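Sequence positions in the sequence shown follow the numbering used here and run 337 to 447.
See structure below.
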Amino acid sequence: MKKDRKHFPLILGLSFAVVAYAMLLIFEKDLLFRTQELNLFLPTKMWFSHRMDYPAGFLSVIASFLDQFTFYPWLGALLLTGLWYLTYHLTRREFAIPDGKAALALIPMVL
């Protein structure tokens with residue numbers, strides 16, 4: 337019985353990533369492109385220091401950097417689902433969630 341559940345978390349995480357990727361491309365393609373359109377990322381020292389003056393400034397820089405990849409919706413969706421899968425994997429690992437209850441690690445991505 338335990339051998340049957342050995343690959344369950346991997347299959348669950350990958351199936352979630354594939355379904356989320358497909359849903360993003362089907363329903364949210366325009367939103368991904370519009371997000372990139374409204375964002376400005378400038379690789380200059382002045383822009384970086386201006387962002388760092390605010391709380392969570394480095395997170396804002398990272399978000400602005402990653403937003404530029406949504407110009408191509410397939411790439412933005414791939415990057416986003418990859419980050420979601422990484423979050424799923426790290427949640428399972430850090431909270432030591434057993435294989436049978438691996439679906440609990442999907443809660444951060446659903447929220």
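Backbone N, C-alpha and C define an ideal beta-carbon position, used for all residues, glycine too.
The structure presented is a predicted model; accordingly, all values stated were derived computationally and were not measured.
As assigned by DSSP and simplified to three states, the class of residue i
i	result
Thr371	helix
Glu364	coil
Pro444	helix
Thr380	coil
Pro391	coil
Under 7 Å between C-beta atoms of residue i and residue j
i	j	result
Phe401	Phe384	no
Thr427	Leu368	no
Met445	Trp410	no
Thr423	Ala353	no
Asp403	Thr380	no
Buried/exposed call for residue i, threshold 16 Cβ in 10 Å
i	result
Ala441	buried
Gly349	buried
Asp389	exposed
Pro345	buried
Ala438	buried
Whole-angstrom C-beta distance between residue j and residue i, which should lie under 8 Å
i	j	result
Ala413	Leu360	4 Å
heavy atom of the ligand SAH below 6 Å from residue i C-beta
i	result
Leu416	As presented, the structure is devoid of all ligands, the ligand SAH included, so that no description of it is given.
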